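Colleague: Note that this note's numbering has the sequence shown beginning at 72, numbered continuously upward. Here it is: the structure, laid out below.
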Amino acid sequence: MKLVSCVTGEEIPAGRTLRGQAGAAAGQAWKFERISQRADGTHHVHVSRPGGKLGRIHREFHPSALGCEIAVDITWRKSMGHAAYRTWSKVDDYLLAGIFALVPLAFFEHYHWSEFIVSIF
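Structure representation (structure tokens):
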């Protein structure tokens, strides 16, 4: 994820000063810290500014309040690699479960059916 300016279209690095465009952040200068994801799945911008005796004041704003937007970049290779990893982990789990199921069955057949198998031949 990266923060992108709506005006210039450039990526904004962490530590850069942003000016509030609307809402409670309007007219104030904020230092961009990071992008945070809320519990409802939306992304907000975590910013801070000097607060006098209090140290730094930390706030989270919607990107539009700072004149920005969030660009989520997921590459095709990363997506396919993740899908292959998940698929292989499921296959591996099922193979291991099959081994655990077949070993007791083999012992059971070895001890309980051996006389019957020999008597047929």
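For glycine and all other residues, C-beta sits at the position ideal for the given N, C-alpha and C. Computed from a predicted structure; not experimentally measured.
#1: With DSSP collapsed to three states, give me the class of His115.
#2: Can you tell which of Ala154, Asp164, His117 has the C-alpha that lies nearest to the C-alpha of Gly86?
#3: Does DSSP classify Ile145 as helix, strand or coil?
#4: May I have the straight-line CA-CA distance separating Phe103 from Trp147, to the nearest angstrom?
#5: Would you kindly report the start and end of the unbroken beta strand (DSSP E) that includes Ser135?
#6: Assuming Gly80 and Gly91 form a contact by the criterion Cβ under 8 Å, report the distance between their Cβ atoms to the nearest whole angstrom.
#7: For Leu89, count neighbouring Cβ atoms within 10 angstroms of its own Cβ and tell me buried if that reaches 16, exposed if not.
#8: Based on the DSSP secondary-structure assignment, which residues constitute the bridge partners of Trp101?
#9: Can you name, in chain order, every residue of its own chain whose Cβ lies under 7 Å from the Cβ of Tyr182, other than the five neighbours on each side?
#10: Should Pro84 be labelled buried (16 or more other beta-carbon atoms within 10 Å of its own) or exposed?
Modeller: So, from the listed chains and residues:
#1: strand
#2: His117
#3: coil
#4: 29 Å
#5: Unbroken run through Ser135: none, as it is neither H nor E.
#6: In fact, because the Cβ distance is near 20 Å, the residues do not count as touching under 8 Å.
#7: buried
#8: Leu89
#9: none
#10: exposed
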